[in-house]
Amino acid sequence: MVSRVRVWLNRTYAENVFFTDQLRRNPSDRAVEIHATHGDADSPVLAAADTAELEPEGLSPAAYVEYALAQCRRRGIDVFVPRLHQAAVVAHRADFEAVGTALLAPPPEAVAVFHDKVIAYEAVQAIGVPVPPWYRVRSAGELVAAVEELEEAGHRACFKPASGAGGVGFRVITRKPFSLTHLTGFPSPYVQLDMVVEALRQAEEQGEDQVDWLVMPRLEQPEVSVDCLTGPDNVLRMAIGRTKNGRRRGFTLHEQWLEPARLIAEGFGLHYLSNIQFRMFGDRPVLMDVNTRPAGGLHQLALCGVNAPWAAVQLALGEDPGEIVPPFLGQDYTVVSGPRPLRAVALPHQRPEEPEPLLPAMPAPAASAESVASAESVASAESVAVAPADAAEALPL
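Heads up: the sequence shown begins at 1474 in my numbering, then just goes up one per residue.
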């Protein structure tokens, strides 16, 4: 009799409710139990798990590793998919192996390279992967100089943190003065250069911490996110591109996207699941970002007949799934919000002074109709539908 697999997801994105769904519906018909922890008692991932706990707040990375090891030991975790404090966790891979837990994450060297976008861009350039022009800025003067150089070359400048995930901190620079037109409609990623410069100068005068930004041209669509699965032998098992062009999404196996992703995944040892993003700079694809974790949209590969989460868990357990080629490419689609159940009882959020988790460490109860919440209120858990032909343009994140 094949034993069940126990998988732990720590403080992850709401979209990973679909990650757990796919693990349970695995093609091997293997029993899978999901353990989830989070800082928000209303995370839909907690409700989707078999067992769930609130994480203690305020732990240092080293203290979090001790907490994680205790969780793995107490819960009998076979595979741990770390997002929070990933760098600290993977540095202790041997300690997790000693308690019987495999880490579904790259080695610390690979995580370190892609934590800092400047280091990442320099590293991938060295192996022949094209990147856009970029400037690292830490002051108002450096920002103005970088924006002027990009504008003189005919580009629209944007900036984002040199380290960070997703679209947090992304802004597009504009020289149009602030007016009432900026207070109509929805908030925009556009920000006035003079306002940013003034904010930076005030911070400098008040002795606040310097910013650490990457300034670069605003890249054009399509955006292609290549989901990769790489073995600990540095051999790629899967590379499938998900295209984004406004509202319209689709899939691609074109080598102009897959080949640079393969170079990065194999060249830097991005073991297990990673996501490598490209956009257009002029007439050629350039690297935008590298995520050393499963993408929130990974589940969308199900439209191509691929269960990537389960293949990754197999690989982490030493059961090589072999090369994964989608049997077909799914039709174009769009992403819409939908409801997901929450835990039946609303509980207070974790507070730093509480010595014990406030969420009972027990199987999640079945949700009642009253406990269903819109995914828009829980970081927009995703579902898919066919896209309209007149897709609206979306700004990069």
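Heads up, the beta-carbon is just placed ideally off N, CA and C, and yes, glycines get one too.
So, is lysine 1649 buried or exposed, given that buried needs 16 or more other C-beta atoms within 10 angstroms? exposed
For histidine 1511, name the three-state secondary structure that DSSP assigns. strand
Between Thr1725, Leu1692, Pro1534 and His1558, which has its C-alpha nearest glutamine 1804's C-alpha? Thr1725
C-beta contact flag for isoleucine 1592 and valine 1584 at 8 Å: no
Give the DSSP-derived three-state secondary structure of glutamate 1491 in the structure shown. Glutamate is not the amino acid found at residue 1491; the sequence shown has phenylalanine there. Here phenylalanine 1491 sits in helix by DSSP.
Does DSSP put proline 1517 in a helix, a strand or coil? helix
Residue environment, histidine 1772, which counts as buried when at least 16 other CB atoms sit within 10 Å: buried
Going by DSSP in three states, aspartate 1502 sits in which element: helix, strand or coil? coil
Give the DSSP-derived three-state secondary structure of leucine 1687 in the structure shown. strand
Less than 8 Å between the beta carbons of isoleucine 1550 and histidine 1508, yes or no? yes
With a threshold of 7 Å on Cβ separation, who are the neighbours of proline 1662 within its own chain once the five nearest residues in sequence on each side are excluded? Phe1643, Arg1644, Val1645 and Leu1868
Decide if the stretch 1757-1769 is in contact with the stretch 1597-1614; the criterion is three or more beta carbon pairs, one per stretch, under 8 Å apart. yes
By the DSSP assignment, the beta strand (DSSP E) with alanine 1712 in it spans what residues? 1709-1718
One question on the structure: do leucine 1687 and tryptophan 1783 come within less than 8 Å of each other, judged by their Cβ atoms? no
For isoleucine 1749, which of helix, strand or coil comes out of DSSP? strand
Rounding to the nearest angstrom, what Cα-Cα distance links histidine 1565 and proline 1579 in this structure? 12 Å
At the level of alpha carbons, what is the spacing between aspartate 1494 and valine 1809? 18 Å
Selected residue, minimal CA-CA separation from asparagine 1764, among Glu1732, Ala1561, Gln1787 and Ala1638: Ala1638
Assumed close pair valine 1552, proline 1581 - CB separation to whole angstroms, cut-off 8 Å: Not really, about 18 Å apart at Cβ, beyond 8 Å.
With distances taken from CA atoms, which of Gln1750, Glu1796 and Tyr1806 is nearest lysine 1590? Gln1750
Using 10 angstroms around the beta-carbon of glutamate 1826, count the other beta-carbons present and answer buried if the total reaches 16, otherwise exposed. Residue confidence is low: glutamate 1826 scores 43 on pLDDT, short of 50, so the model does not pin down where it sits. Its coordinate-derived value is still stated next. By the 10 Å Cβ count, glutamate 1826 comes out exposed.
Ordered along the chain, which non-local residues of its own chain (more than five positions away) have a Cβ less than 7 Å from that of leucine 1576? Phe1553, Pro1555, Val1562, Val1563, Arg1566 and Phe1569
Threonine 1807 and arginine 1721: beta carbons closer than 8 Å? yes
Counterpart residues of asparagine 1483 in DSSP-defined beta bridges: Thr1510
Are the Cβ atoms of arginine 1611 and aspartate 1685 separated by less than 8 Å? yes
Tell me, please, which residues DSSP counts as bridged to glutamine 1675. Looking at the DSSP assignment, glutamine 1675 forms no beta bridge with any residue, so it has no partner.
To the nearest angstrom, how far is it from the Cα of leucine 1673 to the Cα of proline 1534? 30 Å
Just curious, the alpha helix (DSSP H) that aspartate 1568 is in, first and last residue? 1566-1571
Proline 1606 - DSSP class collapsed to helix/strand/coil: coil
Mapping DSSP to helix, strand and coil, what is aspartate 1449? This structure gives no information on residue 1449, because the portion of the chain shown stretches from 1474 to 1870.
Ordered list of alpha helix (DSSP H) runs contained in the stretch 1538-1567, each at least 4 residues: 1559-1563
Identify the continuous alpha helix (DSSP H) that holds alanine 1875 and give its terminal residues. Nothing about residue 1875 can be read from this structure; the chain reaches only from 1474 to 1870.
Taking 8 Å as the cut-off, decide whether the C-beta atoms of arginine 1477 and valine 1505 are in contact. yes
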